[in-house]
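Novice: Numbering (our numbering), first residue to last: 11 to 439.
1. For a quick check, are the C-beta atoms of residue 318 and residue 137 less than 7 Å apart?
2. Excluding five sequence neighbours on each side, which residues of the same chain lie with their C-beta closer than 6 Å to the C-beta of residue 273?
3. Which residue marks the beginning of the alpha helix (DSSP H) containing residue 66, and which one marks its end?
4. Just the C-alpha distance for residue 192 and residue 395, rounded to the nearest angstrom, thanks.
5. Can you look up residue 11 in the DSSP assignment and give me helix, strand or coil?
6. Kindly list the residues whose CB is nearer than 7 Å to the CB of residue 263, restricted to its own chain and excluding five residues on each side of it in sequence; keep chain order.
7. What's the gap between the Cα of residue 124 and the Cα of residue 49?
8. Distance check for residue 118 and residue 290, CA to CA, integer angstroms please.
9. Excluding five sequence neighbours on each side, which residues of the same chain lie with their C-beta closer than 8 Å to the C-beta of residue 63?
10. Is it a yes or a no for the stretch 253-262 touching the stretch 154-171, going by three-plus beta-carbon pairs under 8 Å?
11. For the ligand SAM, I want to know if residue 316 counts as a neighbour, meaning its beta carbon is within less than 6 Å of at least one of the ligand's heavy atoms.
12. What separation, rounded to the nearest whole angstrom, lies between the Cα atoms of residue 347 and residue 126?
13. Between which two residues does the alpha helix (DSSP H) harbouring residue 176 extend?
14. Assess contact between the stretch 202-222 and the stretch 303-322, defined as three or more Cβ pairs (one per stretch) separated by less than 8 Å. Is contact present?
15. Tell me whether the beta-carbon of residue 188 lies closer than 7 Å to the beta-carbon of residue 92.
16. Identify which residue in 427, 148, 391 has its Cα closest to the Cα of residue 106.
17. Which residue marks the beginning of the alpha helix (DSSP H) containing residue 317, and which one marks its end?
18. What's the gap between the Cα of residue 407 and the Cα of residue 121?
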């Protein structure tokens, strides 16, 4: 007995370094695959989210937080499927559409995707412009041009490798997260109400439906469904075995879970702060500028400064991601290879026109997110069809439960859009 006891005593210290080494190896393995989802997550906390979430919180209190939760769950599912498609096929979604569907169908997909990309660029570009204006009082038109120049710089860094862009975007995501952590701390929300409305759905009226669809469009973004399948390619190895593909997918899902849940926390924080500060004080916020100005007397300079910094970081990072997605869309569907700078100049034009005409930026942001919600099915349906084909996906083909979940999500999005159209034509919105 004593010998057995002594043996266990000596083996325990020896096992601790082994466990530590094993944990370090696993941590390094996971870390190697982190990055693509953080680029994608920027689209889920872009300036369009600021507009819809602030409106939702200031008008409907905590009632619409559940929309953020369910939108995030959909986002995790859809981004996982996009990553899976890229890993299994070695191609991005637009390229697989080009291989799978007719030329005419791909031209339609491309036109629809470009229309959605313009709505995306509108939100992102206006957000960066407003951030510079609010922080430094740079006139809007000059702030817009500076936003374009800074976006070019971020995208230019891709020539040094995708990892460099991932670090830049990851840093900007960290800035947004820290800024809104400060906001929530200062706002002192009613956490019991936050918990109730996170779990229990409610839509008080037609305007709430409009905002709910806008929040869905701002959270689940079509252009990053296309992009994610491209971003995973730099981690793909040549002649991937099925086992290597399954490991890559497991790591990609960890990446997605971390990044998307950070995005959920930030989005929820936006609604919570708006409800705790604006709704509680009887203020309906109609512009981003009003939100910024109102925070300072209610919560102090730190709060309004954090808001401006978060908006600027969001606008710059998401604008760069939108440009990357645009290139993937053009090359994949119809083989166009327009230089990034020229494409960026084209997509900047609508935002500059809105700025020059003095149109309410917040309303433009909300409507751009509604447009994106209508564009979602055209990205999701082809992805579902392709990932359900064993001849294309191999062992990573969709299971029956995945197919059902995918079509339920698609039906829900289409159904919400149908309700919105009915309410709009009925005059309820």
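Just so it is clear, CB atoms sit at the ideal spot from N, CA and C, and this is done for glycine as well.
Specialist: Walking through what the data contain:
1. no
2. 51, 54, 55
3. 57-70
4. 43 Å
5. Low local confidence applies: a pLDDT of 45 at residue 11 is under 50, so the model's placement there is unreliable, with the coordinate-based value given in what follows. Residue 11 falls in the coil class under three-state DSSP.
6. 90
7. 20 Å
8. 46 Å
9. 78, 225, 228, 277, 280, 281, 284
10. no
11. With respect to the ligand SAM, the structure offers nothing, as it holds no ligand at all.
12. 19 Å
13. 172-197
14. no
15. no
16. 391
17. 311-344
18. 28 Å
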